[in-house]
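**Q** Next up is a structure, given as structure tokens.
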Amino acid sequence: MAMAAAMRREGKRLAPLISSQPINNTLRSSLTSPLDQTSIGGARSISTQIVRNRMKSVKNIQKITKAMKMVAASKLRAVQTRAENSRGLWQPFTALLGDAASVDVKKNVVVTVSSDKGLCGGINSTSVKISRVLSKLNSGPDKETKYVILGEKAKAQLIRDSKKDIALSLTELQKNPLNYTQVSVLADDILKNVEYDALRIVFNKFHSVVQFIPTVSTVLSPEIVEREAEAGGKLGELDSYEIEGGETKSEVLQNLSEFQFSCVMFNAVLENACSEQGARMSAMDSSSRNAGDMLDRLTLTYNRTRQASITTELIEIISGASALTG
Amino acid sequence: MASTGAVPFWRAAGMTYITYSNICANLVRNCLKEPHKTEALSREKVHFSLSKWAEGKPEKPTIRSDTPDH
Chain H
1 MAMAAAMRRE GKRLAPLISS QPINNTLRSS LTSPLDQTSI GGARSISTQI
51 VRNRMKSVKN IQKITKAMKM VAASKLRAVQ TRAENSRGLW QPFTALLGDA
101 ASVDVKKNVV VTVSSDKGLC GGINSTSVKI SRVLSKLNSG PDKETKYVIL
151 GEKAKAQLIR DSKKDIALSL TELQKNPLNY TQVSVLADDI LKNVEYDALR
201 IVFNKFHSVV QFIPTVSTVL SPEIVEREAE AGGKLGELDS YEIEGGETKS
251 EVLQNLSEFQ FSCVMFNAVL ENACSEQGAR MSAMDSSSRN AGDMLDRLTL
301 TYNRTRQASI TTELIEIISG ASALTG
Chain F
1001 MASTGAVPFW RAAGMTYITY SNICANLVRN CLKEPHKTEA LSREKVHFSL
1051 SKWAEGKPEK PTIRSDTPDH
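First to last, the sequence lines map onto chains H and F. For the first sequence, our numbering gives the first residue as 1, with consecutive numbering after it. For the second sequence, our numbering gives the first residue as 1001, with consecutive numbering after it.
The structure is reproduced here in structure tokens:
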């Protein structure tokens, strides 16, 4: 009883001394190596200094990812209405010309839309995977597939194994806010530089904040449209329309096809930007949550280590004192 | 194109329909009055960097931009 009272008194007197770190560290370093220490049972424990540094950096990471999530959420709100409004641009084309995803052509060009910046989850990988699948589906005798890449992330992935098939790569698209003029200049460049029978645009369609659907939109070249029109189906009904502003049907088809490509590209780029922000939001959110969990675990370890070191000090002092008093 | 007489002037000059409609849109935007005009013209800014690939190697990228590069 008296012993316990003596321990408590010693503990209270020494507590402020023990809790100030520098003294602990010098004491410890004079006894053992600075990084880890062997307690009486022979088990090792990490110094509290390291754990504290870790906790500080994890807390900083948590703050940063939380901020990134807020930024992505606000950017998402801005782009989302524009993306949904731009859907009306290509819907008349699909109503008129149909969406011929399964058309069999010789020269396929796969346009992969991706982001320039990272930390956005898995959307770029899914786009690249689908592009590769498309290129494999369309392989065969005298059929070829070329890639046109928008954005750095898809370029980095496709360089690894499809270097020979890349025709064009475009980057730095998001320096100015996305607008139709920029996308149409881009579309124009693609049309001028690449020969194609069918253009397949691969992008992530924005379904909701947590769901992004990888989509392929097909735009056919005017010659192929004529060929398919002869085969009947939706395109065959094109002749029943009265067309103003162009004498020959092939000229009208050419204008339509170019404009269709430009509209579909605009929608694709906007939807992909939306999906990118949404994916970044959810990635940063899960990252903050993981950082929080890590912080909890580290706090427990820290407290355990701190209490163990205090107990060790106390034991040494008490046993020393009791040895002196006999 | 079988009959070249039927080709409109802009296609004969090498423009695509997209370029033609962009130029027309630019003309319409320039017709606006002042506060709306600068707003609309700011929606027309273009900037991207394009690089053609030949035999698995990228060539030097060309920057297509309205704003002078800094």
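Even glycine gets a Cβ: it sits at the ideal position worked out from N, Cα and C. These numbers come from a predicted model, not from an experiment.
1) Relative to the C-alpha of residue 133/H, which candidate in 146/H, 190/H, 321/H and 141/H has its C-alpha closest?
2) So, helix, strand or coil for residue 305/H, using DSSP?
3) Once DSSP output is grouped into helix, strand and coil, what is the label at residue 381/H?
4) For a contact defined as C-beta to C-beta under 7 Å, what are the partners of residue 1053/F on chain H?
5) For my contact list, residue 197/H and residue 221/H are in at a C-beta cut-off of 8 Å; report their separation, rounded to the angstrom.
6) Beta-carbon separation of residue 1046/F and residue 1064/F under 8 Å?
7) So if DSSP puts residue 1048/F in a beta bridge, which residue, or which two residues, is it bridged to?
8) Going along the stretch 174 to 199 of chain H in order, which residues come within less than 7 Å of chain F, judged by CB to CB distance?
9) Taking DSSP's pairing of strands, which residues face residue 108/H in a bridge?
10) Just confirm the distance between the C-beta atoms of residue 187/H and residue 1023/F, as a whole number of angstroms; I'd bet it's less than 8 Å.
11) The stretch 49 to 71 of chain H: which residues have C-beta closer than 7 Å to a C-beta of chain F, in chain order?
12) For residue 1056/F, count neighbouring C-beta atoms within 10 Å of its own C-beta (all shown protein chains included) and say buried if the count is 16 or more, exposed if not.
13) Roughly how many angstroms lie between the CA atoms of residue 61/H and residue 192/H, to the nearest whole one?
14) I need the DSSP call for residue 365/H, collapsed to helix, strand or coil.
15) Name the DSSP bridge partner or partners of residue 216/H?
16) Going by the beta-carbon positions, is the gap between residue 270/H and residue 83/H smaller than 8 Å?
17) At a Cβ threshold of 8 Å, is residue 84/H touching chain F?
18) Can you name, in chain order, every residue of its own chain whose Cβ lies under 8 Å from the Cβ of residue 135/H, other than the five neighbours on each side?
19) Going by beta carbon distance, what residues of the same chain come within less than 6 Å of residue 205/H, once the five residues before and after it are set aside?
20) How is the alpha helix (DSSP H) around residue 165/H delimited, first residue to last?
21) Would you please verify whether the beta carbon of residue 124/H is less than 8 Å from any beta carbon of chain F?
22) Give me whichever residues DSSP pairs with residue 140/H in a beta bridge.
23) Terminal residues of the continuous alpha helix (DSSP H) containing residue 74/H?
24) At the level of alpha carbons, what is the spacing between residue 189/H and residue 249/H?
25) Which residues of chain F have a Cβ atom closer than 8 Å to the Cβ of residue 259/H, listed in chain order?
26) Report all residues from its chain with a CB closer than 6 Å to the CB of residue 155/H; omit the five preceding and five following residues, and keep chain order.
27) For residue 77/H and residue 1009/F, what's the separation of their Cα atoms in angstroms?
28) When the Cα atoms are used, what is the spatial distance from residue 178/H to residue 152/H?
29) Drop a sphere of 10 angstroms on the beta-carbon of residue 315/H, count the other beta-carbons inside from all chains shown, and report buried for 16 or more, exposed for fewer.
30) Expressed to the nearest angstrom, what Euclidean distance is found between the alpha-carbon atoms of residue 81/H and residue 89/H?
31) So for residue 134/H, helix, strand or coil by DSSP?
32) Does the beta carbon of residue 1050/F come closer than 8 Å to any beta carbon on chain H?
33) Output, in chain order, the set of chain H residues within a Cβ distance shorter than 8 Å of residue 1036/F.
34) Could you check whether the Cβ of residue 1044/F sits closer than 8 Å to any Cβ belonging to chain H?
35) How big is the Cα-Cα spacing for residue 1042/F and residue 53/H?
36) In the DSSP output, which residue or residues are listed as bridge partners for residue 1053/F?
**A** From the atom records:
1) From the listed residues 146/H, 190/H, 321/H and 141/H, the smallest Cα separation to residue 133/H is found for 146/H.
2) helix
3) Residue 381/H lies beyond the range of chain H shown here (1 to 326); nothing can be said about it.
4) Correct list: 166, 167, 168 and 169.
5) That belief holds up - the Cβ atoms of residue 197/H and residue 221/H are roughly 5 Å apart, short of 8 Å.
6) yes
7) 1064/F
8) 175, 176, 179, 181, 182, 184, 185, 186, 187, 188, 189, 191 and 193
9) 145/H and 198/H
10) The Cβ separation is near 15 Å, so there is no contact.
11) none
12) exposed
13) 46 Å
14) Within the shown structure, residues of chain H are numbered from 1 to 326, placing residue 365/H beyond reach of any answer.
15) 202/H
16) yes
17) no
18) Within the same chain, and ignoring the five residues on either side of residue 135/H in sequence, the residues whose Cβ sits closer than 8 Å to its Cβ are 108, 110, 145, 147, 162 and 165.
19) 213, 215 and 271
20) Per DSSP, residue 165/H belongs to no alpha helix (DSSP H) and is neither H nor E.
21) no
22) 143/H
23) Counted as a single uninterrupted DSSP element, the alpha helix (DSSP H) harbouring residue 74/H occupies residues 48 to 97.
24) 24 Å
25) 1017, 1018 and 1021
26) 149 and 169
27) For residue 77/H and residue 1009/F, the distance between alpha carbons rounds to 43 Å.
28) 17 Å
29) In summary, residue 315/H is exposed, with fewer than 16 beta-carbon neighbours lying within 10 Å of its beta-carbon over all protein chains present.
30) 14 Å
31) helix
32) yes
33) Simply none; closest approach about 16 Å.
34) yes
35) 48 Å
36) Residue 1053/F has 1058/F as its beta-bridge partners, per DSSP.
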